[in-house]
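Let me begin by presenting the structure, written as C-alpha cells, before commenting on it.
Residue numbers (the numbering used here): 1447 to 1666.
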C-alpha cells in the first residue's frame, strides 16, 4: 500500500525492451535507496512495481504487457522523470490517502491553467469513471494523492496544485495532451459499486411486492 505522498522525481536511466515486457531502471538517491531489497514494492508514477534488482542506487523493475497497456510507463525513455514512493510501513503517517498502486486507466490533461502560485489541471476521463469522482474527494494521478476540485463536465474534472506539489512531482512539466496514470479512491469505488449493484435489486423487489416494499423518498 502507498499513501500518495510522492518522495520526489527521479530519472529513468535505462529502458530495456524485451519480449512482452520492459526492464526499467531508475536512479534513486541514498535516502530513498536505503533498506531497499529485491522483492520490495515501489510506486513508479503510481504503479506498484516489484524491485527485481539493485545496483548501487540504480533500481530495476520489470513492467509486464498488461501494465504497459493500462499505464503510461511504456512511453518512458532514458532521462524521463518519474514520481517515486516507497511502500508504506506500519506507523507511517497517511498524509494523502491509501493507494494500492493498481492503476485503473490513463487520463488526458486537456488544459493547464497557470497562475502566480498554483496550477490547475483539467483532466478528461472515460465516462466509465465519472460516478467515482466526487467534488472534494480523493483521486491519484501519477501516484500523487490529490483532491478533486470540481467536476467540469461528466467526462472532466480539475485539480489544483500548490507550489510544493509542483516541486515534488512531475506535474511541473505536464502539458496539454499529457497522459497520467489514474487510480480512483478504493473506498469510494466500493461504496458506489455496491449502491449501483443494489439499486436494481430494490427496484425488482418493489415490482414483486409493491404493497409491502417502498423505496426511500427521493430514490426514484
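The beta-carbon is built from N, C-alpha and C at its ideal position, and this holds for glycine as well.
With distances taken Cα to Cα, identify the nearest neighbour of residue 1574 among 1600, 1588, 1564, 1568.
1600
Could you tell me if residue 1627 is buried or exposed, where buried requires 16 or more neighbouring beta carbons within 10 angstroms of its beta carbon?
With a 10 Å radius around the Cβ and a threshold of 16 neighbouring Cβ atoms, residue 1627 comes out buried.
Keeping to the same chain, check which residues put their C-beta closer than 7 Å to that of residue 1570; ignore five residues upstream and five downstream.
1553, 1554, 1556, 1601, 1602
Ranges of the alpha helix (DSSP H) found wholly within the stretch 1530-1615, counting only runs of at least 4
1609-1614
Could you check how far apart the C-beta atoms of residue 1549 and residue 1493 are, in whole angstroms? I think they sit under 8 Å.
The pair is a contact, with the Cβ atoms about 5 Å apart (cut-off 8 Å).
Same chain, Cβ closer than 7 Å to residue 1622, five either side skipped, listed in chain order:
Cβ-Cβ distances below 7 Å link residue 1622 to 1555, 1556, 1557, 1558 in the same chain, with the five nearest sequence neighbours on each side left out; the list follows chain order.
Along the chain, where does the alpha helix (DSSP H) that runs through residue 1618 open and close?
Run containing residue 1618: none; DSSP gives neither H nor E here.
Sequence-distant residues of the same chain with beta carbon closer than 8 Å to residue 1525, five excluded per side
1457, 1458
Roughly how many angstroms lie between the CA atoms of residue 1465 and residue 1520, to the nearest whole one?
13 Å
Is residue 1625 closer than 8 Å to residue 1518 when the C-beta atoms are compared?
yes
Does residue 1503 come out as helix, strand or coil in the three-state DSSP assignment?
coil
So what does residue 1469 bridge to, in DSSP terms?
Residue pairing from DSSP places residue 1469 in a beta bridge opposite 1462, 1508.
So who's on the other strand from residue 1527, going by DSSP bridges?
1457
Excluding the 5 residues preceding and the 5 following residue 1479 in the sequence, name in chain order all residues of the same chain whose CB lies nearer than 6 Å to its CB.
Hits under 6 Å: 1503.
Tell me whether residue 1522 sits in a helix, a strand or coil according to DSSP, three-state version.
coil
Quick check: residue 1395 and residue 1467, are their CB atoms within less than 8 Å of each other?
The requested residue 1395 is not part of the displayed model; the chain covers only 1447 to 1666.
Between 1486, 1592, 1514, which has its C-alpha nearest residue 1506's C-alpha?
1486
Compare the C-alpha of residue 1618 against each of 1578, 1567, 1582 and name the closest.
1567
Please determine, among 1633, 1482, 1522, 1543, the residue with the shortest C-alpha to C-alpha distance to residue 1692.
There is simply no residue 1692 to check, as the chain begins at 1447 and stops at 1666 in what is shown.
Reducing DSSP to helix, strand and coil, say where residue 1645 ends up.
Judged by DSSP in its simplified three-state form, residue 1645 adopts helix.
Measuring CB to CB, does residue 1586 end up less than 8 Å from residue 1481?
Their beta carbons are not under 8 Å apart, which means residue 1586 does not touch residue 1481 by this criterion.
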